[in-house]
Amino acid sequence: MPPPAAPAAPSPRAPLSAADAKELLKVAALRATAPRLAVMQLLAEERRPLSHTEVVQRLGSGEWDQATLYRNLVKLTEVGLARVASEAAGVKRYELRGAPHSPRQLHPHFVCNGCGGVSCLPEVTVAQDPTALLALGAGWREAALAASVHFVGRCPACAG
Ligand SMILES: [Zn+2]
Ligand SMILES: [Zn+2]
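Mapping of the sequence shown onto the working numbering: residues 33 to 192, in sequence order.
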């Protein structure tokens, strides 16, 4: 039997509904505060990692101050709902873990030398060669396993 049709989403550009965000927060034992929900929905909508500054630019115009938004980014990361996807140029950028942000939890990111933007490359797979990793000395092996993969270049908007 096919599943019943999903109810119409309140906003066509909300890949993460408020109800779904609340459910995720409940599982993580976090209260579903308004700024927390807004941060999660923003990260889901953007489909790329956002820095604290970028989150403030989009959400900080009225109700919530920078510190509130920052605390929520950190909290979501602490409980594993979000992760630091990139620390390019010393700026932490956050993204939601897993669906609905991306079918792949771990994917490389593209850092643009022109505009400084960071994009997700969810379709690109970078295989780790276990033999090559073993050949690395102790210390470097762990560092390589924990590292993230970034492509650095010019994004389509800047290359054109
Ligand atoms: Zn660019
Ligand atoms: Zn990403």
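C-beta: ideal position from N, C-alpha, C; glycine also.
Same chain, Cβ closer than 6 Å to residue i, neighbours up to 5 away in sequence not counted
i: residue 60; result: 111 and 113
i: residue 173; result: 165
i: residue 57; result: 64
i: residue 118; result: 81, 125, 141 and 150
Limits of the beta strand (DSSP E) - the one that residue i falls within
i: residue 194; result: Outside the shown range of the chain, which is 33 to 192, sits residue 194, and nothing can be said about it.
i: residue 128; result: 125–128
i: residue 143; result: 141–144
i: residue 184; result: 182–185
Neighbourhood of residue i by C-beta distance below 7 Å, restricted to the same chain and skipping five residues each side
i: residue 131; result: Because the pLDDT at residue 131 is just 48, under 50, the model does not fix this residue reliably, and the value given afterwards should be weighed accordingly. Contacts found: none.
i: residue 38; result: Below a pLDDT of 50, predicted positions are generally treated as unreliable, and residue 38, at 46, falls in that range; no measurement from the model is reported.
i: residue 104; result: 67, 68 and 71
i: residue 123; result: 83
i: residue 98; result: 88 and 92
i: residue 139; result: 152, 153, 154 and 156
Reduced DSSP category for residue i - H, G, I as helix; E, B as strand; rest coil
i: residue 87; result: helix
i: residue 152; result: strand
i: residue 50; result: helix
i: residue 165; result: helix
i: residue 132; result: For residue 132, the predicted model reports a pLDDT of 42, less than 50, meaning its position is unreliable and no value from the coordinates is stated.
i: residue 57; result: helix
Unbroken alpha helix (DSSP H) run spanning residue i, endpoints
i: residue 103; result: 98–110
i: residue 174; result: 172–178
i: residue 68; result: 66–78
i: residue 190; result: 188–191
So which residues put a beta carbon under 7 Å from any heavy atom of ligand 1, going in chain order? 144, 146, 147, 149, 186, 187, 189 and 190
Would you list the residues whose beta-carbon is nearer than 5 Å to any heavy atom of ligand 2, in the order they occur in the chain? 117, 127 and 152
Can you find at least 3 beta carbon pairs, one from the stretch 176–187 and one from the stretch 140–158, that sit closer than 8 Å? yes
At least 3 beta-carbon pairs within less than 8 Å: the stretch 87–103 vs the stretch 147–159: no
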